[in-house]
Amino acid sequence: MKKYLFVIILFVALFEIYAQKSKPNILFIAIDDLKPTIGAYEDTLAITPHMDAIAKNGTTFLNNHTQQAICGPSRASLLTGKRPDYTKVWNLKTKMRDVNPDILTIPQYFKQNGYETIGVGKIYDPRCVDSYRDKPSWSIPHIKEKDLEYPSGYNEPALGFYQNEENLKTISSLRNQAKRENIENHKIYKYVRDRFKPPYENGDVPDAAYVDGAIANKSIELLDKMDESKPFFLAVGFKRPHLPFVAPKKYWELYDENKIELAPYQKKSKNAVDIAYHKAGELQSYKTPEISFKMNKEGLLEVEPDLQKKLIHGYYAATSYIDAQIGKIIEKLKQKGFDKNTIIVLWGDHGWHLGDHSLWNKHSNFEQATRSPLIIYDPTVNKGYKVDSPTEFVDIFPTLSDLANIGIPKDLDGVSLKAQIKGGKNTSKIYAVSQYPRKNKMGYSFRTKNLRYTVWVNNKKSTVPIYKEDIFAEELYDYENDPLETENKIDVESYQKKKITFQMLAARYFKEQQVTVKATEKKTTAKNTYFNKKAKIISNYIINTLKLSDKKGQFLLKILSEKYDYNTAQTKGKNLSQAEKKVIYKKTFSDTRKKLLTQFTNTEVAEIQKLERSKQKNINNH
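For reference, each letter of the sequence shown is one residue, going 29 to 650 in the working numbering.
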């Protein structure tokens, strides 16, 4: 009998090892602010041989769109498979788990399914997660910039970006000036950046002298250490071509600035909706004594043609620089033999305006901001495909789960693109949805194969009913006949049928979103009920064990109920974030705890805490 039991145990162990080995690895490459300026997307100026090589045998999604054209919300949606109105991340201040504590992320799900998960560089926007870069996501702690190494003779880039000798001298001089003016140490950084922050840099330095080269080297080091017996999910996040456009000199030299063409249409559309535009505040924050900006008569940023060329040149140089770093990582992947069992997903978190509509930045619902690269390579497919039907970033979570055969989590907002990757089919998806908040309004943009309809509503989220009187403005662009978005066709007679179709489509979308949120609220109510029951069980256990009086027992229950529920009397009915509720909760609980000390002896308090921990552990184990 013992012999048979041993065989069974051995079989199970071997099966588990085989199952782990058979799971594909995931190389998850994020590129900050990258629009489809890639050869694989038929950009004839771009020099991106390594990204093109991935696309050659992978699937290139030509009509892919971000959920919101700004880092924090875009990445929160991509990494959870949920839209911004669900994640509640619409800005760069909200921390994802403050407002959605139990939300599931891609690396977290893969970790739950036996993967070693690790991130280096910018995966989430650091402003929208905890100091661990979302601790639940990683089986190995996320590697931060402070952990990166630079070549001998080079320090961490000045102000986080610069290595050019002249720029370093200027920054050093300004720091000394700040000290002479008795500026406090923690304010010196801001003092310097307010006076000198070039929007680009051409540095005659090695690749690893800049942050992205150091990220690539760290990624290669991690690949060298990967245990072949366990599948890995390695997330690598590059920071360029985000402003400032910094790259080693050799990547600038790939391009002839004289041959760079400016955006052909640099004004507002005919019949424009003013709220759709922005003032490019991000670019304006980059300045030197030689570089300054002013607004044109349309209220948009005015950039001199020579500076436009320099900025575009810098953007492409930075893109080629990132391409080279990706090439190094892929080479290491091949050296280790991982390429035969590694899915590669490459994405840029949103697009970027390079002067079209006189816009510089992301922060819009126009094509140049929402359209984002997405390339997925599956080692089991020996052919490259191009898909031109709409896709969106919420599709990545179900797609990777499907390709890895670990099951697709319920309630994701996206769909699996496995059929497109395996056979080059177009999706059944009619449209991709992007959104952007502006001036207490929200613009919802619906992109089909050739058209884009945007409705600006006074309500800031789709999860409440939207009525005709809520509509502030509408836009309709036809990319087949007007790829530069020169005219908003919302009032053009020949487009009225299309307009009505889109209005109906938008109404259906809002209704679907409301159903999704109601289901979530139901789950939250159930969870709160569970915590209240948990508090009562623990309280009764302590009361009976310590034989507490009714008065003390009631007081203890009040304490424990507040401990397990942030929605206390002080927060209920108020429109507060989870973070704001925590602040109120902590103060309330702290005050109540002090009262506890007056009601109980020190010995009783110690016993209560001990019993609470033991009972809670017992409940959690069951």
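Glycine included, every Cβ here is placed at the ideal spot set by N, Cα and C. On a predicted model such as this, the values are computed, not experimentally measured, just so you know.
Could you check where the beta strand (DSSP E) with Leu55 kicks off and where it finishes? Taking the sequence shown and counting its residues from 1, the one referred to as residue 55 is at position 27. For Leu55, the enclosing beta strand (DSSP E) starts and ends at 53-59.
Does the count of Cβ pairs from the segment 261-280 and the segment 55-68 closer than 8 Å reach three? Contact check between the segment 261-280 and the segment 55-68: three or more CB pairs, one atom from each, fall below 8 Å, which counts as touching.
When you compare each of Glu256, Gly452, Ile566 to Lys51 by their alpha carbons, which one comes out closest? Here the question's residue 51 lines up with position 23 in the sequence shown. Nearest option by C-alpha distance: Glu256.
Inter-residue Cα distance where the pair is Asp158 and Glu521: On the sequence shown, residue 158 is found 130 positions in, with the first residue counted as 1. On the sequence shown, residue 521 is found 493 positions in, with the first residue counted as 1. Going by the C-alpha atoms only, they are around 51 Å apart.
Among Tyr472, Met254, Lys457, Asp222, the one whose alpha carbon lies nearest that of Lys488: Start at 1 with the first residue of the sequence shown, and residue 488 comes out as number 460. Cα-wise, what sits closest to Lys488 is Tyr472.
By a C-beta neighbour count over all protein chains shown, 10 Å radius and 16 as the cutoff for buried, is Ile350 buried or exposed? Reading the sequence shown from its first residue, position 322 is the one you call residue 350. In the assembly as shown, Ile350 is a buried residue. Its beta-carbon has 16 or more other beta-carbons within 10 Å.
What residue range does the beta strand (DSSP E) around Phe500 cover? One-based indexing of the sequence shown puts residue 500 at position 472. For Phe500, the uninterrupted beta strand (DSSP E) run begins and ends at 499-506, by DSSP.
Would you list the residues sitting across from Asn230 in a DSSP beta bridge? Working through the sequence shown from its first residue, we reach residue 230 at position 202. In DSSP, Asn230 forms a bridge with Ala275.
To the nearest angstrom, report how far apart Trp166 and Gln627 are at their CA atoms. Indexing the sequence shown from 1 puts residue 166 at position 138. Indexing the sequence shown from 1 puts residue 627 at position 599. Those two C-alpha atoms are separated by around 43 Å.
Secondary structure of Tyr569, DSSP reduced to three states: Position 541 of the sequence shown holds residue 569. The three-state reading of DSSP puts Tyr569 in helix, counting H, G and I together.
Quick check on the burial criterion: 16 or more other C-beta atoms within 10 angstroms. Buried or exposed for Arg641? The residue labelled residue 641 in the question sits at position 613 within the sequence shown. Exposed.
Output the distance between the C-alpha atoms of Leu187 and Ile371, rounded to the nearest integer angstrom. Counting from one through the sequence shown, the residue named residue 187 turns up at place 159. Counting from one through the sequence shown, the residue named residue 371 turns up at place 343. Their backbone Cα atoms lie some 35 Å apart in a straight line.
Counted within 10 angstroms of its Cβ, other Cβ atoms place Val422 as buried (16 or more) or exposed: Looking up residue 422 in the sequence shown gives position 394. Val422 should be labelled buried.
Report yes or no: do the segment 79-88 and the segment 101-119 share at least 3 C-beta pairs separated by less than 8 Å? The segment 79-88 vs the segment 101-119: no contact.
Looking at the secondary structure, which residues open and close the beta strand (DSSP E) in which Glu144 lies? For the purposes of this step, residue 144 is taken as the residue at position 116 of the sequence shown. Counting along the chain, the beta strand (DSSP E) containing Glu144 begins and ends at 144-149.
In angstroms, rounded to a whole number, what distance separates the CA positions of Asn141 and Val415? Taking the first residue of the sequence shown as 1, we reach residue 141 at position 113. Taking the first residue of the sequence shown as 1, we reach residue 415 at position 387. Asn141 and Val415 have their C-alpha atoms roughly 30 Å apart.
Taking 8 Å as the cut-off, decide whether the C-beta atoms of Val331 and Trp388 are in contact. Residue numbering aside, residue 331 sits at position 303 when the sequence shown is read from its first letter. Residue numbering aside, residue 388 sits at position 360 when the sequence shown is read from its first letter. Yes. Within cutoff.
CA nearest to the CA of Asp498, picked from Ser105, Asn486, Asn509, Ala275: Counted from its first residue, the sequence shown places residue 498 at position 470. Scanning Ser105, Asn486, Asn509, Ala275 for the CA closest to the CA of Asp498 turns up Asn486.
Using 8 Å as the cut-off, can you tell me whether the segment 191-203 makes contact with the segment 215-231, which would need three or more C-beta pairs spanning the two stretches below that distance? Yes: the two stretches touch, three or more of their Cβ pairs being nearer than 8 Å.
If Val483 and Ala534 are in contact, beta carbons under 8 Å, what's the gap, nearest whole angstrom? Start at 1 with the first residue of the sequence shown, and residue 483 comes out as number 455. Start at 1 with the first residue of the sequence shown, and residue 534 comes out as number 506. Correct: roughly 5 Å between the Cβ atoms.
Can you look up Ala597 in the DSSP assignment and give me helix, strand or coil? As a position in the sequence shown, residue 597 is number 569, starting the count at 1. In this prediction, Ala597 scores a pLDDT of 49, lower than 50, which makes its location untrustworthy; the coordinate-derived value is nonetheless stated afterwards. Three-state DSSP puts Ala597 in coil, outside helix and strand.
Taking the straight line between their C-alpha atoms, what separation do you get for Ala597 and Phe583? The residue given as residue 597 occupies position 569 in the sequence shown. The residue given as residue 583 occupies position 555 in the sequence shown. Since pLDDT at Ala597 reaches only 49, below the 50 mark, its modelled position is unreliable, and the value read off the structure follows with that caveat. Each residue's alpha carbon lies about 15 Å from the other.
Nonlocal neighbours in the same chain, by C-beta distance under 6 Å from Gly601, ignoring five residues either side: Along the sequence shown, read from residue 1 onward, the residue named residue 601 stands at position 573. Note that Gly601 scores 49 on pLDDT, short of 50, meaning its location in the model is unreliable; the coordinates nonetheless yield the value given after this. Correct list: empty, nothing qualifies.
Rounding to the nearest angstrom, what Cα-Cα distance links Tyr305 and Pro185 in this structure? Locating residue 305 in the sequence shown gives position 277, counting from the first residue. Locating residue 185 in the sequence shown gives position 157, counting from the first residue. Using only the alpha carbons, I get a separation of about 33 Å.
Just list the residues that DSSP pairs Arg466 with in beta bridges. Within the sequence shown, residue 466 is the residue found at index 438, counting from 1. DSSP output for Arg466 lists Lys469 as bridge partner(s).
Let me know the alpha helix (DSSP H) ranges lying completely inside the segment 82-129, each 4 residues or longer, listed in chain order. Runs found: 99-108, 112-115, 124-127.
Secondary structure at Phe189, three-state DSSP: helix, strand or coil? Working through the sequence shown from its first residue, we reach residue 189 at position 161. In this structure, Phe189 counts as coil in the three-state DSSP scheme.
Could you pull out every unbroken beta strand (DSSP E) segment of at least 3 residues lying fully inside the segment 417-442, listed in chain order? For the segment 417-442, not a single whole beta strand (DSSP E) run of length 3 or above is found.
Just the Cα atoms here: how many angstroms apart are Val443 and Ala242? Here residue 443 refers to the residue found at position 415 when the sequence shown is read from its first residue. Here residue 242 refers to the residue found at position 214 when the sequence shown is read from its first residue. In a straight line, the C-alpha of Val443 is about 35 Å away from that of Ala242.
Buried or exposed: which applies to Thr347, given that a residue is buried once 16 or more other Cβ atoms fall within 10 Å of its Cβ? Looking up residue 347 in the sequence shown gives position 319. So Thr347 counts as buried.
Smallest Cα separation from Asp302: which of Phe56, Ser577, Thr72, Lys467? Taking the sequence shown and counting its residues from 1, one reaches residue 302 at position 274. It is Lys467 whose Cα lies nearest to the Cα of Asp302.
Have a look at Glu395, Ala263, Asn230, Glu229 and flag the residue whose alpha-carbon is nearest the alpha-carbon of Ala244. Taking the first residue of the sequence shown as position 1, residue 244 is located at position 216. For Ala244, the nearest C-alpha among the options comes from Ala263.
By how many angstroms is the C-alpha of Pro426 removed from the C-alpha of Pro437? Here residue 437 refers to the residue found at position 409 of the sequence shown. Here residue 426 refers to the residue found at position 398 of the sequence shown. When rounded, the separation of the alpha-carbon atoms in Pro437 and Pro426 is 7 Å.
Let me check understanding here. Comparing Cα to Cα, which of Ile151, Leu73, Pro112 lies closest to Leu374? For the purposes of this step, residue 374 is taken as the residue at position 346 of the sequence shown. Closest option to Leu374, Cα to Cα, is Ile151.
Asn268 (DSSP reduced to helix, strand or coil): In the sequence shown, counting from the first residue as 1, residue 268 sits at position 240. The sequence given here has Arg at residue 268, not Asn. Annotated three-state conformation of Arg268 is coil, per DSSP.
Which residue from Asn230, Thr198, Thr398 puts its Cα closest to that of Thr316? Counting from one through the sequence shown, the residue named residue 316 turns up at place 288. With distances taken between Cα atoms, Thr316 lies closest to Thr198.
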